[in-house]
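In the working numbering, the protein residues as written are 12 to 82.
Input: a single structure, listed below in structure tokens.
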Amino acid sequence: MIRNLERIMILLSFVSDNLIPVVAILSIKAFVRYKLIVEDASFSEYFVIGTMLSLVITFVLHLMLSTLLVI
Numbered sequence: 012m013i014r015n016l017e018r019i020m021i022l023l024s025f026v027s028d029n030l031i032p033v034v035a036i037l038s039i040k041a042f043v044r045y046k047l048i049v050e051d052a053s054f055s056e057y058f059v060i061g062t063m064l065s066l067v068i069t070f071v072l073h074l075m076l077s078t079l080l081v082i
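See the structure below:
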């Protein structure tokens with residue numbers, strides 16, 4: 012659920028050409044998970060890969076929507 016909400020918020024940021032909310036979302040996400048990231052190296056890799064994958068999925072979705080809807 013949170014993952015989908017994160018992607019929707021990032022998508023809306025991409026559509027509105029305002030990347031500041033993307034930075035805020037990623038910062039909050041890292042702040043909340045900081046202790047796990049520092050303590051567990053495998054989790055930190057998982058966290059970075061998951062975050063990057065989420066951004067790529069959202070950006071590709073934005074490109075597809077902008078092509079279809081001519082935003």
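Every residue gets a Cβ at the ideal spot worked out from N, C-alpha and C, and that includes glycine.
What you are looking at is a predicted structure, and each value in this text was computed from that prediction instead of being measured.
To the nearest angstrom, report how far apart residue i and residue j are at their CA atoms.
i: R14; j: E56; result: 17 Å
i: S27; j: L16; result: 17 Å
i: A52; j: T78; result: 39 Å
i: L47; j: L72; result: 30 Å
i: E50; j: N29; result: 33 Å
i: T62; j: L80; result: 27 Å
i: I68; j: S38; result: 19 Å
Run through DSSP, which three-state label would residue i get?
i: L76; result: helix
i: R44; result: coil
i: M12; result: coil
i: V26; result: helix
i: V81; result: coil
Do you know whose CA, among the options, lies nearest residue i's CA?
i: P32; options: G61, F54 and R18; result: R18
i: M75; options: A52, L22 and I39; result: L22
i: S24; options: F70, L79 and K46; result: F70
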